[in-house]
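Protein chains in written order, with the working numbering: chain A, 59 to 204; chain B, 59 to 204.
There are 2 protein chains.
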Amino acid sequence: MSYICNIFYYSMISGKFAITLHILTLLSKFPDEYLSSEFLAGSMNINPVLVRKEIANLKKHNMVESREGKNGGTRLAKSVKDITLDDIFKMTFQKVSLGYAKNDPNPACPVGKKINQNLDALYDGINIKISAQLKDISLMEFTDKF
Amino acid sequence: MSYICNIFYYSMISGKFAITLHILTLLSKFPDEYLSSEFLAGSMNINPVLVRKEIANLKKHNMVESREGKNGGTRLAKSVKDITLDDIFKMTFQKVSLGYAKNDPNPACPVGKKINQNLDALYDGINIKISAQLKDISLMEFTDKF
DNA sequence: TTTATATGTAATTAAAATTGTTACAGTTTA
DNA sequence: TAAACTGTAACAATTTTAATTACATATAAA
Chain A
59 MSYICNIFYY SMISGKFAIT LHILTLLSKF PDEYLSSEFL AGSMNINPVL
109 VRKEIANLKK HNMVESREGK NGGTRLAKSV KDITLDDIFK MTFQKVSLGY
159 AKNDPNPACP VGKKINQNLD ALYDGINIKI SAQLKDISLM EFTDKF
Chain B
59 MSYICNIFYY SMISGKFAIT LHILTLLSKF PDEYLSSEFL AGSMNINPVL
109 VRKEIANLKK HNMVESREGK NGGTRLAKSV KDITLDDIFK MTFQKVSLGY
159 AKNDPNPACP VGKKINQNLD ALYDGINIKI SAQLKDISLM EFTDKF
């Protein structure tokens, strides 16, 4: 039995990357202000608590700094030139995959026994390409499109 | 209001690609036999109905042919040299994405108004790279690893 | 010093998507 | 004619994400 595998194998695409990038884009547009989670959530039309959760993640990676209390909020802690989309990708995504079958395959079958390891290798190659591509795009380049 | 957008934007990674590739790998190992959905499902440890659903998709793309009735089953309809992983990707995936926020963003916000179009452009670039990479891998090359 | 406003976080509920199951009609072989 | 298999549809169960609620804590300003 290997329940543990499936915890990793099964993965729904959440909005984490998109929400985080949206937050950073807004912060970059008001570099000198502390923006509230309610303001940020208003642009995305989502719940402010979700925004604060992603901000907690951004803080963990030293991308932003927050001020609590009245007139509090969040602002960028790094230059938009020094943040790449790959940084954001790595902060919010474990790994891009094209999916795995939900259950552990039959270990008695030669194909079942090795399918996930071969898929892993395939997906690893894809992730390397994606990271390389995203590393070339700075947050500044992305936000300049708005 | 544009509810319709979200139907496309929200996307969970299903096991379609992995299941389809697993099916094709098994079929390639027994090129002269009609394999039953129950046998195929046994290797993946999933329900035979799920397998038949993916086989229906494979048939739509002329990758396999099925025989109904007793002793029926499915076999490859093309050479393993003539199927690429990109063919399978395009059959089973609309598009790889790093996700979108679930709700339509605020159109009154300059960032909200354009975020999804800019994410789309970003993800399109990623998909082009993935396709190029997968196009170089034939089903034969993949199945030779088992 | 008090009030208002905001973060930080946990816990619970709701919603959305995939997978599993059941059922059964239709097909083919022996 | 019986057995075994495909092909689907419909529905239930599972899983994951998002929303909501609640409240402790922090800070600014009146």
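Backbone N, C-alpha and C fix where the C-beta goes; we use that ideal spot for every residue, glycine too. Predicted model, so just to flag it, every value in this text is computed and none were measured.
{"Query": "What does the alpha-carbon distance come out to for the pair Phe-147/A and Leu-192/A?", "Result": "8 Å"}
{"Query": "Check the Cβ-Cβ distances between Cys-63/A and every residue of chain B, and say whether any is below 9 Å.", "Result": "With a pLDDT of 26 at Cys-63/A, under the threshold of 50, the modelled position of that residue is not reliable, and no figure is offered here."}
{"Query": "Okay, do the stretch 185 to 200 of chain B and the stretch 79 to 86 of chain A touch, 3+ Cβ pairs below 8 Å being the bar?", "Result": "no"}
{"Query": "Inspect the beta-carbon positions of Asn-120/A and Lys-139/A and report whether they are closer than 9 Å.", "Result": "no"}
{"Query": "Would you mind sorting Lys-74/A into buried or exposed? The rule is 16 or more other CB atoms within 10 Å of its CB.", "Result": "buried"}
{"Query": "Below 9 Å on C-beta distance, what does Asp-162/A contact in chain B?", "Result": "Asn-103"}
{"Query": "With 9 Å as the threshold, decide whether the Cβ of Lys-128/B is near any Cβ in chain A.", "Result": "no"}
{"Query": "Using a cut-off of 9 Å between C-beta atoms, extract the partners of Phe-88/A located in chain B.", "Result": "Result: empty, since nearest Cβ-Cβ is about 10 Å, beyond 9 Å."}
{"Query": "Any beta carbon of chain A sitting closer than 9 Å to that of Thr-142/B?", "Result": "no"}
{"Query": "Check whether the Cβ of Gly-131/A lies closer than 9 Å to any Cβ atom in chain B.", "Result": "no"}
{"Query": "DSSP on Leu-156/A, reduced to helix/strand/coil?", "Result": "coil"}
{"Query": "Under a three-way DSSP split, which group does Gly-127/B fall into?", "Result": "coil"}
{"Query": "Would you identify the three-state DSSP class for Ser-196/A, choosing helix, strand or coil?", "Result": "strand"}
{"Query": "Measuring straight from C-alpha to C-alpha, what distance separates Phe-151/B and Thr-78/A?", "Result": "24 Å"}
{"Query": "Just to check my reading of the structure: Thr-132/A and Ile-113/A have Cβ atoms closer than 8 Å, yes? What is that Cβ distance to the nearest angstrom?", "Result": "5 Å"}
{"Query": "Measure the Cβ-Cβ separation of Lys-171/B and Asn-164/B and say whether it is below 9 Å.", "Result": "yes"}
{"Query": "Determine the direct distance from the alpha carbon of Glu-123/A to that of Phe-204/A, and round the result to whole angstroms.", "Result": "23 Å"}
{"Query": "Pull up the distance between the alpha-carbon of Ala-208/A and that of Asp-182/A, whole angstroms please.", "Result": "Any answer about residue 208/A is impossible in this case: the structure gives chain A only from 59 up to 204."}
{"Query": "Count the other CB atoms, across all protein chains shown, that sit within 10 Å of the CB of Tyr-61/A; report buried if there are 16 or more and exposed otherwise.", "Result": "Confidence in Tyr-61/A is poor, its pLDDT being 21 and thus under 50, which makes the residue's placement unreliable; the coordinate value appears in the next sentence. Tyr-61/A is exposed by the Cβ-count criterion."}
{"Query": "Identify whether Val-107/A lies in helix, strand or coil by the three-state DSSP scheme.", "Result": "helix"}
{"Query": "Quick one, are the C-beta atoms of Asn-103/A and Asp-202/B less than 9 Å apart?", "Result": "no"}
{"Query": "Does any CB atom of chain A fall closer than 9 Å to the CB of Ile-113/B?", "Result": "no"}
{"Query": "Of the choices Asp-144/A, Gly-157/A and Asn-176/A, whose alpha-carbon is the least far from that of Glu-219/A?", "Result": "What the structure shows of chain A is the stretch from 59 to 204, and residue 219/A is not part of that stretch, so it cannot be assessed."}
{"Query": "Roughly how many whole angstroms lie between the Cα atoms of Lys-118/B and Ser-94/B?", "Result": "18 Å"}
{"Query": "Which one or two residues does DSSP pair with Val-169/B in a beta bridge?", "Result": "Answer is none; Val-169/B lacks a bridge partner."}
{"Query": "Kindly indicate which residue of Lys-111/B, Ile-195/B, Lys-153/B and Tyr-92/B has the alpha-carbon position closest to the one of Gly-130/B.", "Result": "Tyr-92/B"}
{"Query": "By a C-beta neighbour count over all protein chains shown, 10 Å radius and 16 as the cutoff for buried, is Val-107/A buried or exposed?", "Result": "exposed"}
{"Query": "In chain A, which residues lie less than 7 Å from Pro-168/B when you measure between Cβ atoms?", "Result": "Phe-204"}
{"Query": "Taking 7 Å as the limit between beta carbons, can you name the residues of its chain near Glu-96/B, skipping five residues before and five after?", "Result": "Pro-106"}
{"Query": "Using a cut-off of 8 Å between C-beta atoms, extract the partners of Leu-177/A located in chain B.", "Result": "Ala-76 and Leu-79"}
{"Query": "I'd like the list of long-range same chain contacts for Ser-155/B, defined as Cβ closer than 6 Å, with 5 residues on each side in sequence excluded.", "Result": "Tyr-181"}
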